[in-house]
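Per the working numbering, residue 54 is the first one in the sequence shown, and the count goes up by one each step. By construction, the Cβ of each residue, glycine as well, lies at the ideal position given by its N, Cα and C atoms. In this text, all values refer to a predicted model and were calculated from it rather than measured experimentally. Scroll down for the structure; my scribbles are underneath it.
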Amino acid sequence: QLIIFLQFPLLSLSSPSSLSLSLKMECSDRISTPPITVVSSPIFSYSPPSSTSSSPSQSPPSTAPPSPPPPVPVILSPCAACKILRRGCVEKCVLAPYFPPTEPLKFTIAHRVFGASNIIKFLQELPESQRVDAVSSMVYEANSRIRDPVYGCAGTICQLQKQVSELQAELAKAQAELVSMQCQQSNLVALICMEMSQSQEPISQQLPYENADFFPEDLGPLWT
54 QLIIFLQFPL LSLSSPSSLS LSLKMECSDR ISTPPITVVS SPIFSYSPPS
104 STSSSPSQSP PSTAPPSPPP PVPVILSPCA ACKILRRGCV EKCVLAPYFP
154 PTEPLKFTIA HRVFGASNII KFLQELPESQ RVDAVSSMVY EANSRIRDPV
204 YGCAGTICQL QKQVSELQAE LAKAQAELVS MQCQQSNLVA LICMEMSQSQ
254 EPISQQLPYE NADFFPEDLG PLWT
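Below is the structure:
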């Protein structure tokens with residue numbers, strides 16, 4: 054008890070320092086505790102705002118109009134000529150407008166007979182207004198040459214000319230028959246008219262005697 058009694062005076066004597074220490078402790082506690090509360094409280098109080106903030110962020114997309122679909126990339130395929138020749142088709146390809154990729158057989162036939170270099174040369178020498186007809190003519194001639202290697206397009210032309218001459222002969226024959234039938238018709242009409250006129254002449258000659266007396270007046274008496 055004496056020791057305790059002596060300690061209290063010491064504490065009482067050293068009360069200023071102890072007070073300062075206690076104040077420092079309290080200040081340090083006050084300074085240190087707020088960060089703990091600040092750090093701890095946002096951790097537990099931040100979760101509700103996250104849920105509330107997420108719900109508004111999810112609600113606008115449901116009400117907002119849908120975004121337009123991304124544009125479809127345009128894939129330019131090479132023309133049939135460049136595809137068969139296995140080369141890159143440039144933007145100003147001479148063969149592209151006349152040999153589309155959907156008609157590879159068209160260029161295959163023309164290339165087999167004329168060759169790609171000759172086709173390009175022919176097209177470059179012609180104006181653009183005549184190139185379509187030139188390509189059609191080359192394809193037709195090449196197809197005829199493949200079917201008939203000896204005569205080619207000339208054989209087809211001769212065959213068509215023969216058909217034309219035969220049809221012209223048949224037409225001339227039909228026209229001659231038509232003219233002969235017209236002549237027969239006119240002759241028949243003339244004959245019918247002549248017969249009708251001849252049949253009417255005796256009737257006209259007998260008409261004056263119908264009203265005449267059977268015995269004329271100038272004759273004498275029959276009995277004397």
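Per DSSP, what kind of secondary structure is proline 180 in: helix, strand or coil? coil
Going by the CB atoms, is the gap between alanine 163 and valine 192 shorter than 8 Å? yes
Which of the three DSSP states is assigned to alanine 195 in this structure? helix
Since phenylalanine 152 and alanine 169 are thought to touch, with beta carbons under 8 Å apart, how far apart are those beta carbons, to the nearest angstrom? Incorrect: roughly 10 Å between the Cβ atoms, too far for contact.
Answer with buried or exposed for isoleucine 172, where buried requires no fewer than 16 other C-beta atoms within 10 angstroms of its C-beta. buried
Is glutamate 156 helix, strand or coil when you go by DSSP? coil
Nearest-angstrom Cα distance between serine 233 and alanine 243? 15 Å
C-beta atoms of glutamate 194 and glycine 205 nearer than 8 Å: yes
C-alpha gap between proline 150 and valine 166, whole angstroms: 20 Å
What is the DSSP secondary structure of arginine 139, reduced to helix, strand or coil? coil
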